[in-house]
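Have a look at the structure below before the remarks.
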Amino acid sequence: THEPAGRSSTSLDSRRLTDSIDPIQTEVDDALATLSEVETIDNEDEDEEGDLGQFSVHDNDRAIYLISMGEKAEDISLIQRCLISIRRKGKWRGYVIVLTNVKYQQMYQDKLGTIDSYLYGDDSHIVVLHPTMEHLQDTLANAKRDSMKIKRFKTRALDVLDQDSRLADVEMLIYLDIDIVVGRDINSFLNYARKRYNYGATYDHEQHNDVGNSSSNNSVTKVGVDEKESRIYLFEDMNMPLHGGITLVERGSSEYCLEKWRSEQDKNPKQAYDQVALLHIWNQNQSGDTKCRVVQMKRTKKNLVFPTEGKMRTLMETGRSFPTFVHVTNNQRAGKIPDDVQNEFYSKVLELTDQERNSISSLLGKMIKGSA
């Protein structure tokens, strides 16, 4: 049974945030290096997200899942950037699950916990885990490329929920690549995804919205969905049907799809991109096989952008709210955007105060140079 971490004073100064930063200069693999530079974002406005009545920011029925593994996981700067954006612009106070190597587990817990303690005076919603021996051995036996050994753990999204008792009530899980930054309220986006794509409709939220309630999952009421159909939810990509950097899964429906995704990867162990396995499932859907349904979420200027220098400048100059998810990849985009533009952009997305910005100037540089 997990013992919650103690609370810290909310009067911590920005040095507490600085103390969680390591001066390590390494790069993270660019898993999406083949994406083109051309950006074509649909100008059609999505439905209004509406209020947050059904998605309280304090609910324990949802979590965010991040993966930082391999030799380069020692560089923690990207995941720190991601976490700060999740907490501030994303207004997310729920669980953030991080899967990493055993040798880095305590470091991640300490350093990410320091960020949460600084922001909220509470580090109990950072859950750092390592793969089980069973899952690790299975991955090593089936995945041949090092990059795919890490990506394969995306398909273990629901399995990690069984590794910590704090996650017993989690029903909705959002996987994010760690080079993503969050620019607006995530719970508002989930409300939109429920209304437009029926995400999370495998249970009745009204039966599952008491803060701190450790009610049994058996009390969850199924509503209005085909229980024979497994589902996962992904955005459309720039030049292919599906983007693998953000995946929404449901505890009540997604297990078969995750197993299918893993199985498709194993059929072609030399493949370098997990989107290829997703496309196989997508094509099966188009042919009428919907036992695993891949729900394609429309990419709009409000929910997901792959910014160029011009797009970054426009977002900063117009004063408009940032998109929910901003995905900057190093080889294709960040390498072509001046450092000063990225520095200013990330400072605004992370809502850094002047004191914080001066204190963690070295982190801002790592956010740019270390971008995946």
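If you count by this note's numbering, then the sequence shown holds residues 7 to 378, one letter each, in order. All residues carry an ideal CB built from backbone N, CA and C; glycine is no exception.
LEU254 and VAL347 have their alpha carbons spaced roughly 31 angstroms apart. Straight across, the Cα-Cα distance linking LYS266 with ILE287 is about 8 angstroms.
TYR71 and LEU173 do not touch by the CB rule: their CB atoms are close to 10 angstroms apart, not below 8 angstroms. Closest option to VAL134, judged by alpha-carbon separation, among VAL104, ILE238, ALA163: VAL104.
In summary, ARG87 is buried, with 16 or more beta-carbon neighbours lying within 10 Å of its beta-carbon over all protein chains present. Listed in chain order, the alpha helix (DSSP H) runs fully inside the region 103–169 are 111–126, 139–148, 152–157, counting runs of at least 4 residues. DSSP places VAL282 within a helical segment (H, G or I) once states are collapsed to three. The beta carbon of SER260 sits closer than 7 angstroms to those of LEU164, SER236, ARG237, ILE238, all from its chain and outside the five residues before and after it, given in chain order. Secondary structure in the region 276–359: the alpha helix (DSSP H) runs of 4 residues or longer, each lying completely within the stretch, are 280–292, 315–324, 345–355 in chain order. Less than 8 angstroms separates the beta-carbon of VAL355 from that of SER91. The Cβ atoms of MET154 and GLN271 sit closer than 8 angstroms to each other. For ILE186, the enclosing beta strand (DSSP E) covers residues 186–188. Check the Cα spacing between ASP191 and each of ASN309, ALA340, ASP65: the tightest is with ASN309. One alpha carbon belongs to PHE159, the other to LEU125, and they sit about 29 angstroms apart.
Bounds of any alpha helix (DSSP H) do not take in TYR205, whose DSSP letter is neither H nor E. Closest by C-alpha distance to ALA283, out of ASP295, SER293, LEU264, is LEU264. Annotated as proximal: HIS333 and GLY251, with beta-carbon spacing under 8 angstroms.
Cβ contact annotation for GLY100 (same chain, cutoff 8 angstroms, sequence separation greater than five): VAL63, HIS64, ASP65, ASN66, ARG68, ALA69, ILE70, HIS131, in chain order.
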